[in-house]
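**Student:** Residue numbers (the numbering used here): -13 to 540. First, the structure itself, so that you have it in front of you.
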């Protein structure tokens, strides 16, 4: 090969459709982000628990951001395109036109968002079947998965939507279809959210048992009967029409896509860690846990053989890294919980005023809180400020490892003062509670057969040094942060790089394109304190269940 200086620049475009915006990045073959753009997308909430979007609006936003990031670039150097998106449900008719997913009959709103909880009754009935496919979602299906939403549409919008439908896409698969005209689906979406099995395909008995025998009758044409691993090149690449809309040239290779959290996992988990003194350096990639932490958090672990973890989704074959089984733990609210508790505190206005004042150089409120904690900690380490304040963080139920939507949040140790110090310590206790939740998930995964030694964090919360340090101290594991904060976009670009054929495998692309930025080691001298806090943490949920039992007893 030529020396680094002479090799022609190859670029890849990653497009990430999040909950509230579409983001795109131009990434080179070393995984460096060269351009970034974002564009908000519309959301509707016509009634409580109903959350909708428009696939046309989303695609238009994809076109805006892609055009922006490739401005001024020689289009011949753009070698591949990858998409990731939330696992929302897109409904189209037989001519690929949008159909309404709402009682108003507004066909513009043809997407049921991932976080939509309209199908509670349907998921309850699906779980009562105890069908064997449920083993692959930790024993219980979530209301956010696609089968309950499809059943809801059949039962509630029979004439206006269900009978006219020709195609039900997971959003990441809708995007790759829109770009290439290929209706093939990604293993990622179908295995994680639709009960597809990489070895056995669809299970006819499941769809018949839940009342969706319609799919079986037409050979799964509407939900996908051609399924490819993420990163596989689709058809003959970009269609002329899509190329024009995106500002790229026709024929650019487009990859089978990923769900957004999985793209984040792909963007960090394969990093080359040599020279950082990490124990995972000599260990297989299966010793790494990727945690994608934003509004909510996802915990992605992979294994060579299938491992069944109660309360943790999966094992899903090839759903993130081809050839490996994926287990996916999660916490429903993390970033959102920190915001909620901080913003609802009586000292919040004072915090805002202090953080934005000129003396503090306009820090974020969290940077200000972190330095305030350092100020009040005295001789002890910061973490010891919560010796008598404990939080159980399931304000929105528990996703993993308990899979119990009925659980509530708990705070114990409240006093009759509500100044900035109290706010800072409540914030600290909340961050610690989220880290204890991660430890709880890791212990469940290890009890089932995983062996994890190192955490790889990405997402918005990984920018908060206190959040990162607490994860290291509380789990006793080193935390690796990526050089590129936008790991999800790097993951999407890695897919495009795989489709281009520039790398021989997803694994090779990951090792070349994910870079270690910083390593945070645990303060092992504080271990005893956190072990005690963890005992209290587990007691909290035990007690909560006892309270429920008392109240529901005779």
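We put the beta carbon where it would ideally sit given N, CA and C, even for glycine.
Measure the C-alpha to C-alpha separation of residue 146 and residue 199 and round it to an integer number of angstroms.
**Tutor:** The straight-line gap from Cα to Cα measures roughly 19 Å.
**Student:** When you compare each of 478, 269, 459 and 492 to residue 510 by their alpha carbons, which one comes out closest?
**Tutor:** Taking only the C-alpha atoms, the option nearest residue 510 is 459.
**Student:** Only counting runs of 3 or more residues, tell me where the beta strand (DSSP E) segments fall wholly within the segment 279 to 303, in order along the chain.
**Tutor:** Counting only runs of 3 or more, we get 283 to 289 and 299 to 303.
**Student:** Does residue 487 come out as helix, strand or coil in the three-state DSSP assignment?
**Tutor:** Correct three-state label for residue 487: coil.
**Student:** I'd like to know if the segment 30 to 45 and the segment 94 to 106 are in contact, where contact means that at least 3 CB-CB pairs between them fall below 8 Å.
**Tutor:** Yes, the segment 30 to 45 touches the segment 94 to 106.
**Student:** Per DSSP, which one or two residues make a beta bridge with residue 84?
**Tutor:** BP columns for residue 84 point to 78.
**Student:** Using alpha carbons as the reference points, say which of 397, 44, 374 and 463 lies closest to residue 381.
**Tutor:** The residue with the shortest Cα to Cα distance from residue 381 is 397.
**Student:** Taking just the CA atoms, how far does residue 320 sit from residue 602?
**Tutor:** Beyond the ends of the chain as shown, which are -13 and 540, falls residue 602; an answer cannot be given.
**Student:** Quick check for students: name the residue ranges of the beta strand (DSSP E) that lie wholly in the segment 15 to 54, counting only runs of 3 or more.
**Tutor:** With a minimum length of 3 residues, the continuous beta strand (DSSP E) runs that stay inside the segment 15 to 54 are 19 to 26.
**Student:** Just to check my reading of the structure: residue -4 and residue 405 have Cβ atoms closer than 8 Å, yes? What is that Cβ distance to the nearest angstrom?
**Tutor:** The pair is not a contact, with the Cβ atoms about 55 Å apart (cut-off 8 Å).
**Student:** Report the residue from 9, 46, 5 and 116 whose alpha carbon sits nearest the alpha carbon of residue 29.
**Tutor:** Residue 29 has its Cα closest to that of 5, out of 9, 46, 5 and 116.
**Student:** Would you mind giving the Cβ-Cβ distance between residue 242 and residue 220, rounded to the nearest angstrom? I have them listed as a contact below 8 Å.
**Tutor:** Their Cβ separation, rounded to whole angstroms, is 6 Å, which keeps residue 242 and residue 220 in contact under 8 Å.
**Student:** Take residue 172 as the anchor and find which of 244, 371 and 452 has the nearest alpha-carbon.
**Tutor:** The option with the nearest alpha carbon to residue 172 is 244.
**Student:** Determine the direct distance from the alpha carbon of residue 277 to that of residue 180, and round the result to whole angstroms.
**Tutor:** So the two alpha carbons sit approximately 23 Å from each other.
**Student:** Which class does residue 1 belong to by DSSP, given the choice of helix, strand or coil?
**Tutor:** Strand, per DSSP.
**Student:** Identify the continuous alpha helix (DSSP H) that holds residue 110 and give its terminal residues.
**Tutor:** Here the alpha helix (DSSP H) through residue 110 covers 106 to 114.
**Student:** So for residue 511, helix, strand or coil by DSSP?
**Tutor:** Correct three-state label for residue 511: helix.
**Student:** Residues in its own chain within less than 7 Å of residue 130 by CB, not counting five upstream and five downstream?
**Tutor:** Contacts found: 100 and 101.
**Student:** Here's the rule: buried if 16 or more other CB atoms are within 10 angstroms of the residue's CB, otherwise exposed. What is residue 274?
**Tutor:** Buried: at least 16 other Cβ atoms inside 10 Å.
**Student:** Report back the beta-carbon spacing between residue 215 and residue 308 to the nearest angstrom; my notes put them in contact at under 8 Å.
**Tutor:** Rounded, the Cβ-Cβ distance is 5 Å, consistent with contact.
**Student:** Which residue's Cα is closest to the Cα of residue 92: 103, 410 and 78?
**Tutor:** Nearest of 103, 410 and 78 to residue 92, Cα basis: 78.
**Student:** Report the three-state DSSP secondary structure of residue 350 (helix, strand or coil).
**Tutor:** Reduced to three states, the DSSP call for residue 350 is coil.
**Student:** Would you kindly work out how many angstroms separate the C-alpha atoms of residue 35 and residue 87, rounded to a whole number?
**Tutor:** C-alpha separation (whole angstroms): 13 Å.
**Student:** Below 6 Å CB to CB, which residues in the same chain sit around residue -13 once its five sequence neighbours on both sides are set aside?
**Tutor:** Caution is warranted here: a pLDDT of 40 is assigned to residue -13, below 50, making its placement in the model unreliable, and the coordinate value is therefore given only provisionally. Nothing meets the Cβ criterion.
**Student:** For a test of the three-state rule: what should DSSP assign to residue 90, helix, strand or coil?
**Tutor:** DSSP places residue 90 in coil when its eight states are reduced to three.
**Student:** CA-CA distance, residue -10 and residue 375?
**Tutor:** The pLDDT assigned to residue -10 is 47, lower than 50, so where the model puts this residue is not dependable; a value taken from the coordinates is nonetheless given after this. If I take the Cα positions, the gap works out to 54 Å.
**Student:** Just mark residue 339 as buried or exposed, buried being the case when its beta carbon has 16 or more other beta carbons within 10 Å.
**Tutor:** Classification for residue 339: exposed.
**Student:** If you follow the alpha helix (DSSP H) that residue 163 is in, where does it begin and where does it stop?
**Tutor:** Element bounds for residue 163: 157 to 166.
**Student:** Only counting runs of 4 or more residues, tell me where the alpha helix (DSSP H) segments fall wholly within the segment 337 to 417, in order along the chain.
**Tutor:** Counting only runs of 4 or more, we get 351 to 362.
**Student:** Along the beta strand (DSSP E) that carries residue 444, what are the first and last residues, could you check?
**Tutor:** Taken as a continuous stretch (DSSP letters only), the beta strand (DSSP E) holding residue 444 covers 440 to 444.
**Student:** To the nearest angstrom, how far is the alpha carbon of residue 453 from that of residue 411?
**Tutor:** If you take the alpha carbons of residue 453 and residue 411, they lie about 14 Å apart.
**Student:** Starting from the C-beta of residue 538, find all residues in its chain whose C-beta is less than 6 Å away, skip the five residues before and the five after it, and write them out in chain order.
**Tutor:** Counting only Cβ-Cβ distances below 6 Å, and skipping sequence neighbours, we find nothing.
**Student:** Jot down the residue ranges of each uninterrupted alpha helix (DSSP H) in the segment 177 to 218, minimum 4 residues, whole runs only, in chain order.
**Tutor:** Qualifying alpha helix (DSSP H) stretches, in chain order: 190 to 196 and 199 to 203.
**Student:** Quickly, what does DSSP pair residue 313 with across the bridge? List them, please.
**Tutor:** Note: residue 313 sits in a beta bridge opposite 287.
**Student:** Whole angstroms is fine: what's the gap from residue 249's alpha carbon to residue 194's?
**Tutor:** Going by the C-alpha atoms only, they are around 32 Å apart.
**Student:** Does any residue of chain D bring its CB to less than 8 Å from the CB of residue 182?
**Tutor:** Protein chains in the displayed structure number just one, and chain D is not present.
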